[in-house]
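Note sheet for the following structure.
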Amino acid sequence: MSDNQASLTADGKSIEMPVRSGTIGPDVIDIRKLYGQTGLFTYDPGFTSTASCDSAITYIDGEEGVLLHRGYPIGQLAEHSTFMEVSYLLLNGELPSPAQLDTFSHTITRHTMVHEQLSSFFSGFRRDAHPMAIMCGVVGALSAFYHDSTDVADPEHRKISSHRLIAKIPTIAAMAYKYSVGQPFVYPRNDLSYTGNFLRMTFGVPAEEYEVVPAVERAMDRIFILHADHEQNASTSTVRLAGSSGANPFACIAAGIACLWGPAHGGANEAALNMLKEIGTPDKIPEYIARAKDKNDPFRLMGFGHRVYKNYDPRATVMQKTVREVFDALKVSDPLFETALRLEEIALNDPYFVEKKLFPNVDFYSGIILSAIGFPTTMFTVLFALARTVGWVAQWNEMISDPGQKIGRPRQLYTGPAARDYTPLDQR
Ligand code: CMC
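Numbering (the numbering used here), first residue to last: 37 to 464.
What follows is the structure in structure tokens.
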């Protein structure tokens with residue numbers, strides 16, 4: 037905690053506010069008493085200068101391209117660890133011992149089945165429904181099935197519902213895919229890894245045994261690690277805000293999924309691959325670069341730019357490497373990868389992108405890998421949601437356990453009409 041104070045003078049009133057320091061990263065001015073003492077609010081749409089909570093889970097230094105989970109750099113976790121291990125780390129604060137990892141993986145595995153009646157929800161959707169629409173509905177519906185773990189004041193309930201969410205989300209994601217292609221749902225199998233199980237539930241069919249390709253399983257697991265948490269982004273803040281009212285965790289995660297769906301957030305991976313397909317060959321790149329720079333054209337380079345990273349997104353580095361590994365393992369290639377590499381090179385040498393510090397983000401290359409593995413573009417954001425669930429759950433738990441937690445209630449700058457008298461209908 038820093039002894040520093042910040043002072044503000046406005047409307048002839050002066051106020052001192054404490055400046056608080058975290059472990060690393062910018063200090064924050066604690067403005068909680070501002071309104072009470074001055075009658076003024078702060079104004080920060082998009083929260084570009086506002087810290088909304090204390091958090092010990094994830095740290096990002098956007099200028100340096102650093103991403104740490106509980107202090108561990110994302111590159112090291114992606115290289116040496118597994119998604120189950122990272123999930124344990126995010127939830128519990130420390131890397132697990134072998135015995136702890138074993139127990140955790142066992143617990144998650146034993147929660148992978150969903151209530152059989154939940155399956156009937158799917159048939160209420162059109163076959164061509166976007167799987168994210170199905171995810172919002174079905175994940176929200178979990179609250180109707182697991183009443184025995186929705187008391188948010190009970191730490192044991194919170195733990196069980198957290199495990200249920202992490203365990204069931206791959207099953208629901210695979211079911212959403214199966215429904216869209218008209219194939220039967222595949223039940224989970226407990227002898228497979230979290231990620232191997234998900235691949236089998238997605239691509240397996242009852243008519244034959246599905247072989248998990250280890251390199252693909254590893255790549256998919258790494259993609260999950262790269263998406264597991266990302267500090268107070270839009271969907272995580274949505275989960276926290278929804279949870280701040282005491283709403284049950286299934287409903288809160290459904291709210292997070294809804295927010296993630298947008299093309300400026302989780303939907304960017306789908307949009308990035310669609311953009312690469314539209315560009316097609318490298319000779320078309322200059323035309324699209326020109327459009328991205330044109331203020332009168334709403335087109336943006338999808339998979340480029342980030343609110344926080346003003347240096348290379350460290351997740352994009354790992355993602356680019358993973359593309360080659362998946363291509364080698366599956367003995368495939370994709371001309372769009374060449375287009376993507378060339379687009380990156382051209383953009384990174386263009387003053388517009390350099391000056392605005394726009395670099396490829398995690399989504400720029402992920403679509404190429406996912407489509408090589410066999411996922412349709414509509415599933416990309418679902419995979420993001422699957423991986424991010426552990427981050428949402430960890431952040432939700434942290435918020436609920438915080439004794440200073442309050443319902444989230446932003447204020448506003450009102451710009452509508454001042455008070456006026458009602459005009460009777462016949463006088464309008
Ligand atoms: N292509 C072209 N210009 C861009 C782009 C882009 N992708 N991104 C930002 N800019 C420009 C923007 O027009 C603005 O220019 P000016 O200052 O002249 O008005 C400037 O850069 C700053 O942009 P901003 O919209 O104010 O920045 P932001 O922090 O609000 O937005 C962003 C961040 C990620 C929403 C934005 O960069 C974007 O829309 N990128 C494309 C979508 C995308 O890839 N999203 C995935 C983010 S990573 C995954 C995740 O965490 O969800």
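Using N, Cα and C, we set each Cβ at its ideal position, and we do this for glycine too.
Where residue i sits in the DSSP three-state scheme
i, result
"Y93", "For clarity, residue 93 is Ile in the given sequence; the question names Tyr instead. DSSP places I93 in coil when its eight states are reduced to three."
"E130", "coil"
"S369", "coil"
"K195", "helix"
"P109", "strand"
"V122", "helix"
"T207", "helix"
"D457", "coil"
"S271", "helix"
"V55", "strand"
"T49", "First, the amino acid is wrong: residue 49 is Lys here, not Thr. Strand, per DSSP."
"V222", "coil"
"F340", "strand"
"E245", "coil"
"L76", "coil"
"V252", "helix"
"M37", "Its pLDDT being 47, under 50, M37 is placed unreliably in this model, and the coordinates cannot settle the point."
"R236", "helix"
"Y348", "coil"
"A264", "coil"
"P299", "coil"
"A328", "helix"
"A290", "helix"
Proximity test, residue i beta-carbon vs the ligand CMC heavy atom, cut-off 7 Å
i, result
"M338", "yes"
"N397", "yes"
"K346", "no"
"A328", "yes"
"G240", "no"
"G98", "no"
"R276", "no"
"L394", "yes"
"R343", "yes"
"G316", "no"
"H166", "no"
"A180", "no"
"G302", "yes"
"N332", "no"
"N233", "no"
"N310", "no"
"N269", "yes"
"H193", "no"
"H105", "no"
"H183", "no"
"H510", "In the structure as shown, the chain begins at 37 and stops at 464. Residue 510 is therefore absent and cannot be evaluated."
Residues bridged to residue i (per DSSP)
i, result
"L103", "I96"
"I14", "Because the chain is modelled from 37 through 464, residue 14 falls outside the range shown and cannot be assessed."
"L44", "I51"
Buried versus exposed, by CB contacts within 10 Å (16 or more), residue i
i, result
"V368", "exposed"
"M149", "exposed"
"M37", "Confidence at M37 is low in this model, with a pLDDT of 47, below 50, so the placement of that residue should be treated as unreliable; the coordinate-derived value is given next. Its Cβ having fewer than 16 others within 10 Å, M37 is exposed."
"T84", "exposed"
"G339", "buried"
"T78", "exposed"
"N40", "exposed"
"T45", "exposed"
"Q448", "exposed"
"P62", "exposed"
"V222", "buried"
"R162", "exposed"
"D265", "buried"
"T186", "buried"
"G240", "buried"
"I60", "exposed"
"F335", "exposed"
"L312", "buried"
"P224", "buried"
* Which full runs of the alpha helix (DSSP H) of 4+ residues lie inside the stretch 368-452, going along the chain? -> Restricted to the stretch 368-452, the alpha helix (DSSP H) segments that are unbroken, complete and at least 4 residues in length are 371-384, 387-391, 399-409, 416-437, listed in chain order.
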